[in-house]
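To keep things clear, I will list the structure first and then write my remarks on it.
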Amino acid sequence: MAQSTLQVNAEFGPYHVERQIAVGGMAEIYLASTTGVAGFKKLLALKAILPDFAGDSRFVDMLIQEAKLAVSLSHPNIVQTFDLGLINDVYFISMEFVDGPDFFHVLSKLGNQDRTIPIAAAMHVVKEVMGALNYAHHKTDSKGQDQTIIHRDVSPQNIMLSMQGEVKLGDFGIAKAANATTRTRAGVIKGKLVYMAPEQAWGQKVDHRLDIFSAGVVLYEALTGASLYTEDNPAKLLADVRQANIPPPSQRNPGLSAEIDQLVMKALEPQPDDRYQSAREFGDALGDYIIRHSPNYSSANLASFLETLAEGAKNQDPNHAMSRGDFAIHQHSIVFSPGDIGPDGGGKAKEFEVVVAPPKQIEAKLVLLSENGPSEHPLSDDFVIGRTGNLRLADGRVSRRHARIFRQDGRYSIEDLNSSNGTFVNDQKLLDVRLLDDGDQISVGSFKLKFVCQVQPEVQPDRTIRAADQPSSQKSGQASANVAGPKELFAKSQADLTPTHRPMEANEAPDMTLGPEKIGGFCLNVGEEAVFVNIEKGLPLKHELDLGHEVVCVAAGSVEKRGNDYWISPVDGGSPMRINGAPLEAATPLSAGDQIEIGALSLEFQFRGI
119 MAQSTLQVNA EFGPYHVERQ IAVGGMAEIY LASTTGVAGF KKLLALKAIL
169 PDFAGDSRFV DMLIQEAKLA VSLSHPNIVQ TFDLGLINDV YFISMEFVDG
219 PDFFHVLSKL GNQDRTIPIA AAMHVVKEVM GALNYAHHKT DSKGQDQTII
269 HRDVSPQNIM LSMQGEVKLG DFGIAKAANA TTRTRAGVIK GKLVYMAPEQ
319 AWGQKVDHRL DIFSAGVVLY EALTGASLYT EDNPAKLLAD VRQANIPPPS
369 QRNPGLSAEI DQLVMKALEP QPDDRYQSAR EFGDALGDYI IRHSPNYSSA
419 NLASFLETLA EGAKNQDPNH AMSRGDFAIH QHSIVFSPGD IGPDGGGKAK
469 EFEVVVAPPK QIEAKLVLLS ENGPSEHPLS DDFVIGRTGN LRLADGRVSR
519 RHARIFRQDG RYSIEDLNSS NGTFVNDQKL LDVRLLDDGD QISVGSFKLK
569 FVCQVQPEVQ PDRTIRAADQ PSSQKSGQAS ANVAGPKELF AKSQADLTPT
619 HRPMEANEAP DMTLGPEKIG GFCLNVGEEA VFVNIEKGLP LKHELDLGHE
669 VVCVAAGSVE KRGNDYWISP VDGGSPMRIN GAPLEAATPL SAGDQIEIGA
719 LSLEFQFRGI
């Protein structure tokens, strides 16, 4: 086993690390003990973020924002998150310790014994998960505003089962933070892709209904005793997930009824409008089935089943597990303000409110880069970019209301307003609201803008770290293309390309960010992994088709560099390509963020620094 991030049987700030519980793709989980507010020894779980992720400032920034939401969640079916902290350069999440296995280990153990979980038990577990999701999906802040909480990673690994029969969903917001980084370890991709809803796998705008689809996959696998998808190749698996052509569970487990088929398949509808429209609706359907077929099933039955499966394993005393009321805030907290820390270095966490020290106001502006020189546009608290709005950009690729920058808690954030061509920050397509840092590059259509902070937030002297104190993103440096992934889909050969140069047309906007220090390339996103392929001078594009035992390679087109511009061209009679949703019929200049589709593959054109 690789060296642990935390030392076992040693002190870690206010915690004593008892033992390592599990190792995941982005974190290690430890059982730890500390002293609660009443002075008694209490047990909790520490999730230590692996160094590869902790060094990614975009991931850390998103993790902080998500932690602020997670600590506000208080529900019997949710693993309580107590705090996010930083000790000795190690980011950690302190959370409730659940004295039982996760659902994945239960299903795996049953599979090794050629058994499946009882139908009532499987439906009971997912019904309880629906209770957690219904609470989170409708969570509001102190002003009654919807917090728009989506889990994004409902999977058996994130469903914890206590030995008392409790069902708890964990890791709220972690998937969203993980999407902010490309530092993904081998073996993580398939596990995440399997539970994705089609709209999530396509990179489309998502809502709470993706969690319902993911829970449907969990129930499907529990009832059939097998993985929903069996494809090992990440690119082919991605295509399967996007299609969501799923057979009824009774085809894999003939003992299941048509009624169960109907119940499960409604959660797995490819189109969100055809699914259960809320977690409550799905949970009610599951509860109705249990009442009619196993009317006396309860948490006690699940506890008995787990005890039998555990074969008499010795459990931790649940009375020693820490609850939210026991948790004492320490100076290592990132989420809570110094005012929540008492004179002895501890304090009691507030159950429904997260208090963050107000930062100093930021005066910010956008700098529009154009061939006529830069122009500055001061930002108001709510600033809309588009063909109409505060900053008007005349371009057919810019929507009427394309993107919005707004100030909240003294910092500026940006969100895309369902634009047709997307908004890009530092060459990454904007899928969710994100904080802006000084120097961030924003692309809207063919326009390039730079976010400039005139005043940074004031650092509180008695606080270890805050979101605004994170190191700036590594916006330069060539991205690596050696991440494990389907790089064999791209054949890099320049011999058959003959670049042809063409002068810029009068109505074309120049790309102000492209110069000798920039290189273009394609980014293929597979789950949380991103494979970046440099174009250099040219790159042929092809599409591989599997036809039985034969593999047919079909040329699609090519990309070539003309001066400082990159152009994509189709091949006569080749496999059809689409650019930003429209058929590619002639040579076309590429801009950062352009989406290229070749068969089932979706590529994004980006610029990277050398």
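Residue numbers (my numbering): 119 to 728.
For glycine and all other residues, C-beta sits at the position ideal for the given N, C-alpha and C.
Boundaries (first-last residue) of the beta strand (DSSP E) holding residue i
{"i": "A150", "result": "145-153"}
{"i": "M213", "result": "208-213"}
{"i": "E284", "result": "First-last for E284: undefined, no H or E at that position."}
{"i": "E349", "result": "From DSSP, E349 is part of no beta strand (DSSP E); its letter is neither H nor E."}
{"i": "R137", "result": "133-141"}
{"i": "A163", "result": "159-167"}
{"i": "A521", "result": "521-526"}
{"i": "R529", "result": "529-534"}
{"i": "L567", "result": "565-571"}
{"i": "A710", "result": "No beta strand (DSSP E) holds A710; DSSP gives it neither H nor E."}
{"i": "Q559", "result": "559-562"}
{"i": "E129", "result": "128-130"}
Outcome for residue i when other beta-carbon atoms lying within 10 angstroms are tallied against a minimum of 16
{"i": "P701", "result": "exposed"}
{"i": "P274", "result": "buried"}
{"i": "E377", "result": "exposed"}
{"i": "R410", "result": "exposed"}
{"i": "A597", "result": "With a pLDDT of 28 at A597, under the threshold of 50, the modelled position of this residue cannot be trusted, and the question is left open."}
{"i": "N319", "result": "Residue identity differs from the one stated: residue 319 is Ala in this sequence, not Asn. Burial call: buried."}
{"i": "K679", "result": "buried"}
{"i": "E123", "result": "Note on residue identity: the sequence assigns Thr, not Glu, to residue 123. The residue is buried, with at least 16 neighbouring Cβ atoms inside 10 Å."}
{"i": "E703", "result": "exposed"}
{"i": "T618", "result": "Interpretation of T618 is limited by its pLDDT of 31, a score under 50 that renders its predicted location unreliable; no figure is taken from the coordinates."}
{"i": "Q231", "result": "exposed"}
{"i": "N490", "result": "exposed"}
Sequence-distant residues of the same chain with beta carbon closer than 6 Å to residue i, five excluded per side
{"i": "S561", "result": "F542, A710, G711"}
{"i": "S451", "result": "D201, G203"}
{"i": "P390", "result": "R327"}
{"i": "F215", "result": "L161, L162, A163, A439"}
{"i": "E387", "result": "R393"}
{"i": "Q125", "result": "none"}
{"i": "F454", "result": "I447"}
{"i": "P492", "result": "V485"}
{"i": "R360", "result": "P316, A319, W320"}
{"i": "A673", "result": "K660, V689, G692"}
DSSP-derived helix/strand/coil call for residue i
{"i": "Y684", "result": "strand"}
{"i": "T234", "result": "coil"}
{"i": "Q546", "result": "strand"}
{"i": "N60", "result": "The question about residue 60 has no answer, for the chain in this structure spans 119 to 728."}
{"i": "A240", "result": "helix"}
{"i": "L657", "result": "strand"}
{"i": "V551", "result": "coil"}
{"i": "N371", "result": "coil"}
{"i": "G751", "result": "This structure gives no information on residue 751, because the portion of the chain shown stretches from 119 to 728."}
{"i": "N698", "result": "coil"}
{"i": "L187", "result": "helix"}
{"i": "A315", "result": "coil"}
{"i": "L497", "result": "coil"}
{"i": "E481", "result": "coil"}
{"i": "S260", "result": "coil"}
{"i": "D271", "result": "coil"}
{"i": "D201", "result": "strand"}
{"i": "S517", "result": "coil"}
{"i": "F640", "result": "strand"}
{"i": "G504", "result": "strand"}
{"i": "E703", "result": "coil"}
{"i": "T426", "result": "helix"}
{"i": "L124", "result": "coil"}
{"i": "L511", "result": "coil"}
{"i": "S175", "result": "helix"}
Any non-hydrogen atom of the ligand HEM closer than 7 Å to residue i Cβ
{"i": "A344", "result": "This structure does not include the ligand HEM; it has no bound ligands of any sort."}
Same chain, Cβ closer than 8 Å to residue i, five either side skipped, listed in chain order
{"i": "I408", "result": "A238, M241, H242, K245, Y415"}
{"i": "L225", "result": "I235, P274, E339, A340, G343"}
Those residues which DSSP pairs with residue i across a bridge
{"i": "M278", "result": "D220, K286"}
{"i": "S720", "result": "E715"}
{"i": "G675", "result": "L659, P688"}
{"i": "T651", "result": "In the sequence as presented, Thr is not what sits at residue 651; that position holds Val. DSSP, once it has assigned bridges, lists F640 as partnering V651."}
7 Å Cβ shell around residue i - same chain, five flanking residues per side excluded
{"i": "A140", "result": "I147"}
Limits of the unbroken alpha helix (DSSP H) element including residue i
{"i": "Y394", "result": "Y394 -> no alpha helix (DSSP H), and no H or E assigned at all."}
{"i": "K310", "result": "306-312"}
{"i": "A813", "result": "With the chain covering only 119 through 728, there is no way to say anything about residue 813."}
{"i": "L341", "result": "327-342"}
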